[in-house]
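Q: Numbering-wise, our numbering comes out as the position in the sequence shown, counting from 1, plus 18. Glycine included, every Cβ here is placed at the ideal spot set by N, Cα and C. Structure in structure tokens, see below.
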Amino acid sequence: MQAIAARLLAIETEREQVDARELERTNACLSRFFQENCTRGARRDAALARQKLLQEEVKLRRTEREERVREQDLRIAEKQRERAEEAAAAVKAAQTEEARQRAERVEAARAAAQTAAHTPSGAAKPAHAAHSRPRNPPLSAQPDTAQRAANRAAAEQRQADARAHQAEIKLREEKRRQRQAADAAKKAAEAAAQPPQAGSSPPKP
19 MQAIAARLLA IETEREQVDA RELERTNACL SRFFQENCTR GARRDAALAR
69 QKLLQEEVKL RRTEREERVR EQDLRIAEKQ RERAEEAAAA VKAAQTEEAR
119 QRAERVEAAR AAAQTAAHTP SGAAKPAHAA HSRPRNPPLS AQPDTAQRAA
169 NRAAAEQRQA DARAHQAEIK LREEKRRQRQ AADAAKKAAE AAAQPPQAGS
219 SPPKP
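Encoded structure:
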């Protein structure tokens with residue numbers, strides 16, 4: 019009886035040892051599985067964060083390219099405005115020159131009239147009387163090209179100012195969206211790069 023009892027005790031002890039080893043292996047497998055799962059999840063989150071960063075970088079490059087195009091448009095609008103100002107200055111100078119010539123012709127006509135009034139009726143006319151008439155026709159008979167040019171120059175300048183203003187508004191709005199997208203991508207990358215907390219327990223199977 020003692021031998022049978024010893025044999026049963028040995029069998030029971032061996033069974034308990036086998037169960038303990040199986041339990042230890044199971045716990046090790048579960049622990050390794052949870053660790054790999056957490057690592058895989060962290061890797062997946064990091065990959066998603068990197069992908070999002072790449073997308074934001076592509077958007078940023080496209081925004082910079084559009085910004086360069088807008089800056090070029092601004093420079094073109096500035097050149098057009100400068101040309102319009104130069105045209106307006108040229109028109110003003112032409113109008114000033116026409117006014118000066120008109121004054122000279124009026125003064126010449128007045129001098130000729132005064133000379134004719136003081137000349138006796140039978141006396142010979144002075145030699146310059148035949149040339150007292152202005153060579154150019156009166157300005158009233160000429161088309162008002164200077165005024166039309168001035169109006170055209172003013173209209174071009176207004177259009178250039180409007181285009182420059184719209185380009186500046188779009189540029190500021192695009193820069194604001196760009197900063198917001200960069201901040202959001204940075205926060206997402208920082209959140210994904212943070213390791214899991216030490217006190218957190220792995221999920222139960």
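Measure the C-alpha to C-alpha separation of Q53 and A209 and round it to an integer number of angstroms.
A: 19 Å
Q: If you measure between the beta carbons of E174 and A95, is that distance less than 8 Å?
A: no
Q: Here's a check: name, in chain order, each residue in its chain whose Cβ is nearer than 7 Å to the Cβ of R88, leaving out the five neighbours to either side.
A: A185, K188, L189
Q: Is V109 buried or exposed, if buried means 16 or more other CB atoms sit within 10 Å of its CB?
A: buried
Q: Buried or exposed, going by whether 16 or more other CB atoms sit within 10 Å of the CB of A178?
A: buried
Q: Here's a check: name, in chain order, each residue in its chain whose Cβ is nearer than 7 Å to the Cβ of H149, leaving out the five neighbours to either side.
A: With a pLDDT of 46 at H149, under the threshold of 50, the predicted position of this residue should be treated as unreliable, though the coordinate-derived value follows. Nothing listed; no residue qualifies.
Q: Okay, do the stretch 44-64 and the stretch 196-204 touch, 3+ Cβ pairs below 8 Å being the bar?
A: no
Q: In the structure shown, what three-state DSSP assignment does Q20 receive?
A: helix
Q: Residues in the same chain with beta-carbon distance under 6 Å from A106, minus the five sequence neighbours each way, listed in chain order, please.
A: A171
Q: Would you report the Cα separation of D91 and E75, rounded to the nearest angstrom?
A: 24 Å
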